[in-house]
Amino acid sequence: MSPNVSFSGGSGRKGGNKKEQVLAAMLIEPTRKAAAESVGISPRTLARWLKEDSAFAEAYQAAKAELVESMTTRLRTNGIDAVATLAEVAKGSTSPNQAARVSAARTIIELVLKAHEAEDLGVRLQKLESERNSDENS
Amino acid sequence: MKTLKQRANRLAQNGTEAVHTLSRIASDEDAPAEARVSAATAILEFMYRSVEQDILVRIEKLEQDRGKR
Numbered sequence: 001m002s003p004n005v006s007f008s009g010g011s012g013r014k015g016g017n018k019k020e021q022v023l024a025a026m027l028i029e030p031t032r033k034a035a036a037e038s039v040g041i042s043p044r045t046l047a048r049w050l051k052e053d054s055a056f057a058e059a060y061q062a063a064k065a066e067l068v069e070s071m072t073t074r075l076r077t078n079g080i081d082a083v084a085t086l087a088e089v090a091k092g093s094t095s096p097n098q099a100a101r102v103s104a105a106r107t108i109i110e111l112v113l114k115a116h117e118a119e120d121l122g123v124r125l126q127k128l129e130s131e132r133n134s135d136e137n138s
Numbered sequence: 139m140k141t142l143k144q145r146a147n148r149l150a151q152n153g154t155e156a157v158h159t160l161s162r163i164a165s166d167e168d169a170p171a172e173a174r175v176s177a178a179t180a181i182l183e184f185m186y187r188s189v190e191q192d193i194l195v196r197i198e199k200l201e202q203d204r205g206k207r
């Protein structure tokens, strides 16, 4: 998967282009260290950007959320088929790779439900955060 | 005796290798179906666990802010 990451602070600011590159790298590399090195910056520089540049840190959170959202959409798309697979096996189907099909179907269904819970919690948290922010401003 | 930092570095290195292994198995069309499903499951579960971790951090921040008021 090639993540499409944009960062409004990516041009005209110090290190802007590298920041956009490393944002994309952080979504596909297994560690932050590997992401930093893949675009030619030190892990320490990346850690500093995440700590001191709030726009950069927010862009990273947004890119991660977008990646999770696209995976969740894909899981949901396959959710109905997953339920059908379980039903088919439960009725006594003897297709090849049956154990793997059941395991895959169960994972899809569990993750769709987990994603639903996480989204619900996210919405409720956002409401609480908004209320806190308006309390602070009043 | 190994220092804590050395142990942490070793753990991080093992973790990185584990993720590489899972990714390789999940995308290997010649691997047994059960192994591919298990690897893909582990990767997805890890990803959603990081979402849960983000939620916990936000809850803790809200609790701290409430404690200050």
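Residue numbers (the working numbering), protein chains in the order written: chain A, 1 to 138; chain B, 139 to 207.
A virtual CB, placed ideally from N, CA and C, is assigned to each residue, including glycine.
Residue 126/A has its alpha-carbon roughly 15 Å from the corresponding atom of residue 203/B. In this structure, DSSP gives residue 107/A a helical state, which the three-state scheme calls helix. About 15 Å separates the CB atoms of residue 182/B and residue 27/A; that is not less than 8 Å, and the two are not in contact.
Separation of the CB atoms of residue 103/A and residue 157/B is rounded to 20 Å, and the pair is thereby denied contact status at 8 Å. Within chain A, no residue has its beta carbon less than 8 Å from that of residue 164/B; the closest one is some 11 Å off. For residue 91/A, there is no enclosing alpha helix (DSSP H), as DSSP marks it with neither H nor E.
Here residue 128/A has no same chain residue with a Cβ atom under 8 Å from its own Cβ, once five neighbours each way along the sequence are excluded. Per DSSP, reduced to three states, the secondary structure at residue 30/A is coil, with no helix or strand assignment.
Taking the Cα positions, residue 189/B is about 22 Å away from residue 36/A. Cβ-Cβ distances below 7 Å link residue 41/A to 18 and 22 in the same chain, with the five nearest sequence neighbours on each side left out; the list follows chain order. One Cα belongs to residue 51/A, the other to residue 81/A, and the distance between them is close to 43 Å. With at least 16 other beta carbons inside 10 angstroms of its own, residue 20/A counts as buried.
Assignment of residue 40/A by DSSP, reduced to helix, strand and coil, places it in the coil class. Per DSSP, residue 179/B is one residue of the alpha helix (DSSP H) stretching across 171-206. Burial check for residue 74/A: the Cβ neighbour count within 10 Å stays below 16, so the residue is exposed.
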